[in-house]
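For what it's worth, our numbering labels the leading residue of the sequence shown as 25, then goes sequentially.
Take a look at the structure set out below.
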Amino acid sequence: METELKSDTKSELKSELDFIDAIVKQYEGEEGMLIPMLQDIQAEYGYLQADHLRSLSRALKVPLARIYGVATFYASFRLSPKGQHDVTLCMGTVCYLKGSARISEVICGEYGVEPGGTTSDRLFTLNLVNCVGACALAPVMIVDGKYHDAMTPESALKILRGLSSEEREAAEPESAKTHEPAKPTEQAKPSEPPVKAVKAKRKTPALKMPAEEAVPQVGGEPQEKPAVKTPQKASKKKAGKK
Ligand code: FES
């Protein structure tokens with residue numbers, strides 16, 4: 025497995041070197057073509073990797089420091105990979121006066137990123153630029169090409185947090201998104217509660233009524249209760265005597 029990975033990496037490196045060689049050949053004999061070469065490399069890989077710049081330096085026989093000088097002079101070149109979302113914060117005079125410095129501060133603090141850098145989860149790349157030509161909307165923040173006006177530190181963070189949670193939800197597996205409780209399997213079904221059985225057993229001793237125990241028995245036969253003489257019967261007896 026490890027051998028396979030190593031051979032994959034080797035072939036990847038070889039194809040990258042081939043790509044740099046092909047670019048150098050493409051512009052061979054032309055003067056001042058360093059910038060188009062860097063643009064081609066960046067278009068292919070998303071940013072200018074240190075290895076690629078070293079290879080270019082060797083192939084062109086140009087000092088590496090000079091290549092880095094060009095790559096860092098132009099804001100369009102990137103020396104680190106780009107994040108999933110491009111966040112551009114205007115630091116032009118009007119936006120600055122309306123608080124864009126504070127917005128930049130809170131974004132850098134929240135995501136642990138430097139201006140011009142990319143967050144560790146590769147979600148955001150933060151760029152600070154001068155006037156984006158929308159001073160009436162100051163302070164302006166542009167996220168993936170969409171202009172957001174009158175930004176405050178709170179509203180800027182709200183937009184970025186919204187994107188973060190969207191990405192998190194999208195990354196969650198489908199099973200984690202359904203909140204329905206799992207149906208118990210046949211085996212997992214609870215058996216009859218033991219409480220019922222206990223109650224049924226306890227009914228038997230309850231038959232010994234204390235009242236029955238109190239009734240005296242003659243010859244094993246239950247004694248009849250004496251009839252209650254109602255007042256009506258008593259008056260009839262009196263009438264018969266007469
Ligand atoms: S200063 Fe920010 S848009 Fe002009």
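Glycine included, each C-beta is placed from N, C-alpha and C at the ideal position.
Taking only three categories from DSSP, how would you classify residue i?
i: Y135; result: helix
i: Y286; result: Here the chain has residues from 25 to 266 only, and residue 286 is not among them.
i: K182; result: helix
i: K170; result: strand
i: L80; result: helix
i: T143; result: coil
i: Q241; result: At Q241 the pLDDT is 45, less than 50, meaning the model places this residue with poor confidence and gives no usable figure here.
i: Q256; result: Note that Q256 has pLDDT 48, beneath the 50 cutoff, so the model's placement of it is unreliable and no number is given.
i: I44; result: helix
Quick check: what's the CA-CA separation for residue i versus residue j?
i: E196; j: G140; result: 29 Å
i: L184; j: L150; result: 11 Å
i: L147; j: Q108; result: 5 Å
i: A46; j: M61; result: 10 Å
i: C159; j: H172; result: 12 Å
i: S189; j: A180; result: 15 Å
i: R82; j: T96; result: 19 Å
i: A194; j: L187; result: 11 Å
i: R192; j: T143; result: 15 Å
i: G136; j: G53; result: 45 Å
i: E134; j: P177; result: 11 Å
i: K122; j: Q50; result: 48 Å
i: D168; j: V153; result: 15 Å
i: T117; j: F101; result: 24 Å
i: V111; j: I127; result: 12 Å
i: E138; j: Y98; result: 18 Å
i: S39; j: M175; result: 45 Å
i: A125; j: L84; result: 41 Å
i: K182; j: V130; result: 11 Å
Can you name the start and end residues of the beta strand (DSSP E) that residue i belongs to?
i: M61; result: From DSSP, M61 is part of no beta strand (DSSP E) but of the alpha helix (DSSP H) over L58 to Y69.
i: V111; result: H109 to C114
i: L152; result: F148 to V153
Which residue comes first and which comes last in the alpha helix (DSSP H) that contains residue i?
i: G118; result: Here residue 118 turns out to be Val, not Gly, going by the sequence shown. From DSSP, the alpha helix (DSSP H) with V118 extends over T117 to L121.
Let me check you understand the geometry: is the CB of residue i closer than 7 Å to at least one non-hydrogen atom of the ligand PLP?
i: V111; result: For the structure depicted, the ligand PLP is absent and the ligand set comprises only the ligand FES.
Any 3 or more C-beta pairs closer than 8 Å across the stretch 89-104 and the stretch 161-179
With a cut-off of 8 Å, the stretch 161-179 and the stretch 89-104 do not count as touching, because too few Cβ pairs lie within range.
Does the stretch 98-112 come close enough to the stretch 67-76 that 3 or more CB-CB pairs lie under 8 Å?
They touch, by the three-pair rule.
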